[in-house]
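As they're listed, the protein sequences go chains A and B.
Sequential numbering of the first sequence, starting at 62, is according to this note's numbering.
Sequential numbering of the second sequence, starting at 62, is according to this note's numbering.
Using N, Cα and C, we set each Cβ at its ideal position, and we do this for glycine too.
It should be emphasised that the depicted structure is a prediction, and the values quoted were computed from it without experimental measurement.
2 protein chains.
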Amino acid sequence: MADTELDERKVKILNAIIKNYLETGEPVGSRTISKYTDLNLSSATIRNEMSDLEDLGYIVQPHTSAGRIPSDKGYRFYVNNLIASKDKEVSDMKEWMIEREEKMENLLKNVAKVLASNTQYATLVSAPSVVSNKLKFIQLSAVDENQLLSVVVMDGNIVKNKIIHIEKPLDNETLLKLNMLLNTNLNGLSVDQINLALISRLKDQAGIHDEIISQVLDTVADTITEDEDLQVYTSGATNIFKYPELSDSKKASELLDTFEEKQSLIELLTDKNTDEETGIQVYIGDESPISSMKDCSIVTATYELGEGVKGTIGIVGPKRMDYENVVDNIKSLKGQLDKLLRNENKNDS
Amino acid sequence: MADTELDERKVKILNAIIKNYLETGEPVGSRTISKYTDLNLSSATIRNEMSDLEDLGYIVQPHTSAGRIPSDKGYRFYVNNLIASKDKEVSDMKEWMIEREEKMENLLKNVAKVLASNTQYATLVSAPSVVSNKLKFIQLSAVDENQLLSVVVMDGNIVKNKIIHIEKPLDNETLLKLNMLLNTNLNGLSVDQINLALISRLKDQAGIHDEIISQVLDTVADTITEDEDLQVYTSGATNIFKYPELSDSKKASELLDTFEEKQSLIELLTDKNTDEETGIQVYIGDESPISSMKDCSIVTATYELGEGVKGTIGIVGPKRMDYENVVDNIKSLKGQLDKLLRNENKNDS
DNA sequence: GTTAGCACTCATTTAATTAGAGTGCTAATC
DNA sequence: GATTAGCACTCTAATTAAATGAGTGCTAAC
């Protein structure tokens, strides 16, 4: 519908205004556009068109007799065009300095860091959520008389430990039996396949050691909750000071709090109306699900580790961010990450 | 020496100036002091004394004909007095809402949070360093054909995992033998007791599987480096915006960067000229080992988990922080933490 | 040694002025 | 009918000037 609303000339002018504003951060006036574009129109004509664009809600005046700046609707129009056009041409992927790291944690921290330093915005990366992940291996071992160590390995080599306190020492044989029981019954199952029926069957078979089974399953449960809730890595939060419109102390403080309290960033990552085709989602201003980011734009992309296990990378910056560069960067990073993680996974299993 | 430098009246005036400045954050003038103290001196007399104090370097004027503010030397004098006097009276411990948490990580995060919200400054808490910790238990298990999982448990129930890739599957017997070898030789040793001689003896005995031994020892090494280098939890970094003298965007940005890059905070925690008696260390302004904190004061305390395993809690705020309250808070928190962790440790072993 | 008194300094606040960018509208032009 | 030149008008931001006031340093008197 936006197509019928704007004729070609208006589109050109609108794009010119936005591009110019992205560069300068200053309201842009009619005279600037008159020179900036190849339309060869006088400033007066541009003024008329701008007046129309304002009526249509694509641009606004910060105050009477200032230039115009894009409204959220204007940005939205620009971004939609941008993503559409980028779909056609195969954007030449930037090569990233991502090296396979020992631990995924370090890898992801590094991704956040590199992205932040490349874009000069704040970034966040969420660890792949393991909701539909499968159990690969369980091991119970006696650390000492009163303590068992339960180790759970999930697909993708996510390892979780838990120390279990016990009243009486377990003899080796029982331990072996419990290990057997756990592994034969649980290995290969995804977390949501472990239902009450299965649990009670296990406990039955464990006899007096049913309490231990409970605790092991707690460890498994931990793997979900903890990973899903908390694993968000951020970097470059202080980049927001580079953009005056975000760096007044009240706004900045709220924003930085959000980054510190990573918990709340989850909102961004669970939102599932991501563009199916590109896997990229752009929130502009009020579109953001997080209120402290009402003056920001956010670009996120979902990467896949396979089997429905997904994580997200995102950047947060001012509304006048360099969408083109950011989308490019994030798209290519997503690609690299997809590839890297799948390989890693393949090597591992 | 400071004792002979200042007579009693000067001390009273200096303390009055500092106290007043801590409260208001404004330069304090002679007239204020004349009323504020019970010395019954006219402002003119105070002026003379202040002039002396300035000559001696305890206070400075931000500009001609403004009131005085404490210099670093002035703060230092004040703080020294404060800590000395506090040593005598048993400060009544505040009760904290610290609950035993499943994981030490969560506990420490929580400590940082509570302290930040109590003091309204930025806080950091380092996990206990395990340098002199002992190995308690090692377990190698086969996850699948090409992967071993090595689990290392240290004293204090710090658990580390590592996935080890192997070329050929190991049979059960070999695995058992390796486990035996590792546990009999290493259990009970502290990390610095594992020297080259021991390592090569182990490798000898492992025969063709010496590579696996190496990797297990890597895991052990990880436990040190990673824990020592990285485990710092912070909270309330944005509190610095509450203090105008820190919140101009350049300073704030540097400071927040330091908090984000937790790595660099280590400096604060390894510095070992902590007051032996109280375990509390105060850095004022330039005394700070971290350059981005030249305009801050820092109060740290070391807590002990026993056996020389130490961690640190600290707060970072403006130079005109409420030292009294902070020292009190941190002292009591340190106490609680000491107690809590020792109990926990006792329960566990 | 203490104090009253006064001249002087300098940051902060307020007000007034100016300069400049940009618009909207009208009338002329293509 | 679309485009443009021209001009009056508006509003911000920058500049300047003046007023305010807190606080000092010094001197002379107590």
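Tell me which residues share the same chain as A:Arg92 and place their Cβ nearer than 6 Å to its Cβ, disregarding the 5 neighbours each side in the sequence.
Cβ neighbours of A:Arg92 beyond the five flanking positions: Ser104.
At a CB distance below 9 Å, what residues from the region 211-236 of chain B approach chain A? Give them in sequence order.
Under the 9 Å Cβ criterion, the region 211-236 of chain B contributes Val212, Val214, Asn218, Val220, Lys221, Asn222, Lys223, Ile224 and His226.
Please go through the same chain and pick out, in chain order, the residues whose beta-carbon is closer than 6 Å to the beta-carbon of A:Asn240, but skip the five residues on each side of it.
Around A:Asn240: Leu201.
For B:Lys221, report the span of its beta strand (DSSP E) as first-last.
Taken as a continuous stretch (DSSP letters only), the beta strand (DSSP E) holding B:Lys221 covers Ile219 to His226.
Quick one: give me the first and last residue of the beta strand (DSSP E) that B:Gln181 is part of.
From DSSP, B:Gln181 is part of no beta strand (DSSP E); its letter is neither H nor E.
Going by DSSP in three states, B:Pro305 sits in which element: helix, strand or coil?
The answer is helix: DSSP assigns B:Pro305 an H, G or I state.
Tell me which residues share the same chain as A:Tyr344 and place their Cβ nearer than 6 Å to its Cβ, disregarding the 5 neighbours each side in the sequence.
Ile359.
Under a three-way DSSP split, which group does B:Met111 fall into?
DSSP places B:Met111 in helix when its eight states are reduced to three.
I'd like to know if B:Gln292 contacts chain A, where contact means its C-beta is closer than 8 Å to some C-beta of that chain.
Chain A, which has no Cβ nearer than 8 Å to the Cβ of B:Gln292, makes this no.
Among residues of its own chain, excluding the 5 on either side of A:His270, which ones have a beta-carbon nearer than 8 Å to its beta-carbon?
The residues are Leu231, Thr235 and Leu239.
Buried or exposed: which applies to A:Lys395, given that a residue is buried once 16 or more other Cβ atoms fall within 10 Å of its Cβ?
A:Lys395 comes out buried.
If you reduce the DSSP assignment to three classes, tell me which class B:Gly128 lands in.
B:Gly128 falls in the coil class under three-state DSSP.
Using Cβ-Cβ distances below 9 Å, what residues of the region 178-209 of chain A are close to chain B?
For the region 178-209 of chain A, which is checked against every Cβ of chain B, the residues closer than 9 Å are Lys197, Phe198, Gln200, Ser202, Ala203, Val204, Asp205, Asn207 and Gln208.
Could you please give the first and the last residue of the uninterrupted alpha helix (DSSP H) stretch that includes B:Thr295?
That residue, B:Thr295, is in no alpha helix (DSSP H); its beta strand (DSSP E) goes Val293 to Ser296.
Select from B:Lys264, B:Asp279, B:Ser296 and B:Glu66 the residue whose C-alpha is nearest the C-alpha of B:Ile225.
When each option's Cα is compared against that of B:Ile225, the closest is B:Asp279.
Check the Cβ-Cβ distances between A:Val377 and every residue of chain B, and say whether any is below 8 Å.
Answer no: the Cβ-Cβ gap between A:Val377 and chain B never drops below 8 Å.
Would you report the Cα separation of B:Gly86 and A:Asp133, rounded to the nearest angstrom?
Their backbone Cα atoms lie some 41 Å apart in a straight line.
Taking 8 Å as the threshold (beta carbon to beta carbon), is A:Gly249 in contact with chain B?
It does not: the Cβ of A:Gly249 has no partner Cβ on chain B nearer than 8 Å.
So for A:Ile260, helix, strand or coil by DSSP?
Of the three classes helix, strand and coil, the one that applies to A:Ile260 here is helix, per DSSP.
Using CA coordinates, which residue listed in B:Thr98, B:Ile327, B:Tyr182 and B:Thr125 is at the minimum distance from B:Leu307?
Ranking the options by Cα distance to B:Leu307, first place goes to B:Tyr182.
I'd like to know whether the C-beta atoms of B:Gly297 and B:Ala177 end up nearer to each other than 8 Å.
Going by C-beta atoms, B:Gly297 is nearer than 8 Å to B:Ala177.
Which term fits A:Thr331, buried or exposed, when burial requires 16 or more other beta carbons within 10 angstroms of its beta carbon?
Classification of A:Thr331: exposed, given that the 10 Å Cβ count is below 16.
Can you give the Cα-Cα distance for A:Leu67 and A:Pro123, rounded to whole angstroms?
Straight-line Cα distance between these residues: approximately 23 Å.
With A:Ser211 as the anchor, note down where its beta strand (DSSP E) starts and where it stops.
A:Ser211 -> beta strand (DSSP E) spans Gln208 to Met215.
What in chain B is Cβ-close to A:Ala105, meaning under 9 Å?
Those within 9 Å of A:Ala105 in chain B number zero; the least Cβ separation is about 40 Å.
Does B:Glu66 get closer than 8 Å to chain A when you measure Cβ to Cβ?
No, B:Glu66 does not count as interfacial toward chain A.
Look at the Cβ atom of B:Thr319, then the Cβ atom of B:Ser310, and state whether they are nearer than 8 Å.
Taking 8 Å as the Cβ cut-off, B:Thr319 and B:Ser310 do not qualify as a contacting pair.
Determine the direct distance from the alpha carbon of B:Ile327 to that of B:Glu315, and round the result to whole angstroms.
The alpha-carbon atoms of B:Glu315 and B:Ile327 are separated by roughly 16 Å.
At the level of alpha carbons, what is the spacing between B:Leu257 and A:Lys197?
Rounded to whole angstroms, B:Leu257 to A:Lys197 spans 35 Å at the Cα level.
Give the straight-line distance between the Cα atoms of B:Thr125 and A:Leu329, rounded to the nearest whole angstrom.
About 53 Å.
DSSP on A:Glu150, reduced to helix/strand/coil?
Legend: pLDDT at A:Glu150 = 49, less than 50; position of this residue unreliable, value from coordinates given subsequently. The answer is coil: DSSP assigns A:Glu150 none of H, G, I, E or B.
Less than 8 Å between CB atoms is the rule here; does B:Glu321 satisfy it with respect to chain A?
Yes, because at least one Cβ of chain A sits closer than 8 Å to the Cβ of B:Glu321.
Quick check: B:Leu210 and A:Val213, are their CB atoms within less than 8 Å of each other?
No; because the gap between Cβ atoms is not below 8 Å, this pair is not in contact.
Using three-state DSSP, classify A:Ile74 as helix, strand or coil.
Reduced to three states, the DSSP call for A:Ile74 is helix.
Please name the residues in the region 114-143 of chain A whose beta-carbon is closer than 8 Å to at least one beta-carbon of chain B, in chain order.
Those would be none; no residue qualifies.
Buried or exposed: where does A:Thr245 fall if 16 or more other Cβ atoms within 10 Å of its Cβ makes it buried?
It is exposed - the Cβ of A:Thr245 has fewer than 16 other Cβ atoms within 10 Å.
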